[in-house]
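For reference, the structure discussed in these notes is given below.
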Amino acid sequence: MSSVPHNNHPDSPTLSAYHDGELRGFARAEVEQHLTACPRCRRALSEIAALSQALRDLPRVEPPRDVRRAVLESVSAPRRRGRRLTWGIAAIAAIAALIGGYDYFAMPQNALSPMKAARARHSAPPKPAFSPYSAAQSPSAALGTNSGGANSHAALQPPAADRSAAPVPNTSAGTSAAQARLIVRSGQVDLRVRDVQGTFKKVSAIALQQNGYVADSNNNVTADAGSGPAATLTLRVPAANFQATLDAIAALPHTGLTVRSSSQDITDSFHDLQAQAQALRATRDQLMALLHQTHKVGDAMSVLDRLTEVNAQLDRVQSQIMSSSNSVMLSTVAVTLTPEPKKAAVPHAKKPSAWQPGHAFASAVGNVIAAIQAILTAAIYALVYLALPALLVGMAALLWRGFGPRMLTPILAGRGSGHRGRNRRA
Amino acid sequence: MVIVNRRQAALARAEEHALFNALYAAYSAPIYNYIYRLVGDREQAADLLQETFVKVYRSLQSLPQGAGRTPWVYRIATNTCYDVLRRRRLISWLPWTRDDGMPEPAVEEADLDERYALRENVQDALRLVPPSLRAPLLLHTVHGFSYGDIATTLGLTEAAVKMRISRARTAFRQAYHDGGEETHS
Chain A
2 MSSVPHNNHP
12 DSPTLSAYHD
22 GELRGFARAE
32 VEQHLTACPR
42 CRRALSEIAA
52 LSQALRDLPR
62 VEPPRDVRRA
72 VLESVSAPRR
82 RGRRLTWGIA
92 AIAAIAALIG
102 GYDYFAMPQN
112 ALSPMKAARA
122 RHSAPPKPAF
132 SPYSAAQSPS
142 AALGTNSGGA
152 NSHAALQPPA
162 ADRSAAPVPN
172 TSAGTSAAQA
182 RLIVRSGQVD
192 LRVRDVQGTF
202 KKVSAIALQQ
212 NGYVADSNNN
222 VTADAGSGPA
232 ATLTLRVPAA
242 NFQATLDAIA
252 ALPHTGLTVR
262 SSSQDITDSF
272 HDLQAQAQAL
282 RATRDQLMAL
292 LHQTHKVGDA
302 MSVLDRLTEV
312 NAQLDRVQSQ
322 IMSSSNSVML
332 STVAVTLTPE
342 PKKAAVPHAK
352 KPSAWQPGHA
362 FASAVGNVIA
372 AIQAILTAAI
382 YALVYLALPA
392 LLVGMAALLW
402 RGFGPRMLTP
412 ILAGRGSGHR
422 GRNRRA
Chain B
388 MVIVNRRQAA
398 LARAEEHALF
408 NALYAAYSAP
418 IYNYIYRLVG
428 DREQAADLLQ
438 ETFVKVYRSL
448 QSLPQGAGRT
458 PWVYRIATNT
468 CYDVLRRRRL
478 ISWLPWTRDD
488 GMPEPAVEEA
498 DLDERYALRE
508 NVQDALRLVP
518 PSLRAPLLLH
528 TVHGFSYGDI
538 ATTLGLTEAA
548 VKMRISRART
558 AFRQAYHDGG
568 EETHS
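Sequences listed follow chains A and B, in order. In the numbering used here, each number is its position in the first sequence, counted from 1, plus 1. In the numbering used here, each number is its position in the second sequence, counted from 1, plus 387.
So, in structure tokens, the structure goes:
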């Protein structure tokens, strides 16, 4: 290539710039004039034009669809690099969510992990998670009778009034209480009563009085005293009437009572959901606008696909918002009714102050088992949580090894060293 | 107060999100094609497209208004590609057309397979043009950039752009004709 003009031929950059329309004024006029007289430069120019056309004629490729989502995922979780890693992390998150979800549903309420259960033991959980001794050890000894663990609910239908008369909750009453912070309240009342059936009806009536309803109930009419709760009810009442409901149930005639209530602040996650919904709506509107602008069927189809995807996401987020606000407006009260045991059925009905070596031994064994179980569970968690990252790191290392040497091979081959280079030549 | 701030943050995020979506809708296809022609591999182009738009999202604060946007997005894409090509030591491997001599027709070994499998002369020829020359050639010819826009995008002077495009054409033509024809001098 030469940039020296012979016989006033324009040099390559000048001819190239002329072709591109980047020459102005005198320079342009000069080239134009030269071209009229020089077939060689005309040929060079037409060659430039032909090559440019060849480049423009290269087929256009469509970007893969999942890139946009991968970008959004990686910006919402900082310091990700590459799609493989992003997917790996997504997989870990999914597995963690599965484990978490399983634990949540598999374990009894207030006992999300065995550790927690071991700590919560002293506040008398109604269903021991794994230790047959934990209920008997409970300080509110009046309730500690369901040492058999599994409750044999006969799953009889509750009285017809319970299900049919569930009114639509007066939701406006609940909202004023939680305007600044969004609090989900839930309570648990364990009652030991002489008349389980009578109390069952009274509790149902309380739910109605408080503008609430019985969401779920289980009434085991054949339950023997001492075999665990004979009836359970789950009430949903407006948040404003939550305390009144607890008080009313506690005021029913009973021989033993445990009341627990908890509240959970979901303000932050609720606002997150709202922001997500807002962003999704903005995206949807833009896609709609884009849809009106597209003229090609293929473009319109891909916009429509995105639109469908965004709408589905929006629906999911909105239903989460609905269920969150629903659980803020309506508190949950779980009631268990346990019949009064016969004296003979309770082995530890002695005075609580008496020295009980057997009991102490049993509780010690129970504690040890609980501790071992907690440690083992933690180890299993650690194994599961660490195994996948380790696997991914291993895969990344393998990939790197796979790519690295191939890039280096030419150097090694060029210097005549390295067995890979030699192998390839052979 | 906290809620107000959170709301503002959420709104800002929603705005950012919408802006990003608009940019992605407008630029993803041309940028993907640009990257693909620059690196010559679709899988890698998809990765680089993602990386480019992650950078775009993270630097939305410095998004210029109006006509400056296109060079801005292309600059991010070009730098992302150069980074990766440099990281994989491709830039130093690929031939460099020199004014004083013939371009070395050396091709990276891995590319040879693809080269003969593809049998697409234009694509092959383009592959033989060094990336630093390929980028301005593509920007002008395929993406319709003026020399001034290319200068802004690549951080060069217009004179350098002119020179590089000319050299790119020479290299491209030589590769295309497989060294069969003499260069214009």
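Cβ coordinates follow ideal geometry from the N, Cα and C atoms, glycine included. Here the structure is a predicted model, which means the values were calculated and not measured.
- Taking 4 residues as the minimum length, the region 245 to 270 of chain A contains no alpha helix (DSSP H) run wholly inside it.
- G395 (chain A) and L384 (chain A) have their C-alpha atoms roughly 16 Å apart.
- Interface with chain A (8 Å Cβ-Cβ cutoff): Y461 (chain B) is excluded.
- L392 (chain A) has its alpha-carbon roughly 21 Å from the corresponding atom of T378 (chain A).
- In the three-state reduction of the DSSP assignment, N212 (chain A) falls in the coil class.
- Residue pairing of I184 (chain A) in beta bridges, as defined by DSSP: A:D266.
- Per DSSP, the continuous alpha helix (DSSP H) segment holding T37 (chain A) begins and ends at 26 to 38.
- Of all C-beta pairs linking the region 401 to 419 of chain B to the region 44 to 58 of chain A, fewer than three are shorter than 8 Å, placing the two stretches out of contact.
- Close CB contacts of N508 (chain B) within its chain, under the 8 Å cut and outside five residues either way in sequence, are with Y563 (chain order).
- Any Cβ of chain A closer than 8 Å to the Cβ of R521 (chain B) would place that residue at the interface, and such an atom is absent.
- Per DSSP, the unbroken alpha helix (DSSP H) holding A555 (chain B) starts and ends at 545 to 563.
- Counting only runs of 4+ residues, the alpha helix (DSSP H) found wholly inside the region 403 to 472 of chain B occupies 429 to 445, in chain order.
- In this structure A412 (chain B) touches L291 (chain A) by the C-beta definition: roughly 6 Å separates them, less than 8 Å.
- If you compare the alpha carbons of A:G199, A:G188, A:R317, A:A365 with that of S263 (chain A), the shortest gap goes to A:G188.
- With contacts defined as CB atoms closer than 8 Å, A522 (chain B) and T465 (chain B) qualify as a contacting pair.
- A direct Cα-Cα distance of roughly 17 Å separates C39 (chain A) from P14 (chain A).
- By the rule that beta-carbons nearer than 8 Å mark a contact, D306 (chain A) does not touch chain B.
- One alpha carbon belongs to A55 (chain A), the other to I322 (chain A), and they sit about 54 Å apart.
- In the structure shown, the three-state DSSP call for L515 (chain B) is coil.
- Residue contact check for Q275 (chain A) against chain B: a CB pair falls below 8 Å.
- Pairing G367 (chain A) with A355 (chain A), the inter-Cα distance amounts to about 20 Å.
- For T233 (chain A), the three-state secondary structure derived from DSSP is strand.
- Contact annotation: the region 329 to 344 of chain A touches the region 231 to 238 of chain A, with at least three C-beta pairs closer than 8 Å.
- Here the alpha carbon of I93 (chain A) sits roughly 53 Å from the alpha carbon of D21 (chain A).
- Per the C-alpha coordinates, the member of A:R317, A:R182, A:Q279, A:N212 positioned closest to A245 (chain A) is A:N212.
- Between the alpha carbons of L16 (chain A) and S553 (chain B) lies a gap of roughly 8 Å.
- By the criterion of at least three beta-carbon pairs nearer than 8 Å, the region 294 to 314 of chain A is not in contact with the region 422 to 440 of chain B.
- Against chain A, the CB of Q448 (chain B) has no partner CB under 8 Å away; the residue lies outside that interface.
- In the three-state reduction of the DSSP assignment, A355 (chain A) falls in the coil class.
- In this structure, V72 (chain A) sits near V441 (chain B), with a CB-CB distance shorter than 8 Å.
- Around the beta carbon of Q437 (chain B), 16 or more other beta carbons lie within 10 angstroms, which makes this residue buried.
- Note that the region 276 to 283 of chain A does not touch the region 193 to 203 of chain A; fewer than 3 beta-carbon pairs, one per stretch, sit closer than 8 Å.
- Residue environment: S324 (chain A) is assigned as exposed (fewer than 16 neighbouring CB atoms within 10 Å of its CB, all protein chains considered).
- DSSP, reduced to helix, strand and coil, places L192 (chain A) within a strand of the structure shown.
- For P340 (chain A), the enclosing beta strand (DSSP E) starts and ends at 331 to 340.
- In this structure, the beta-carbon distance from D248 (chain A) to T235 (chain A) does not fall below 8 Å.
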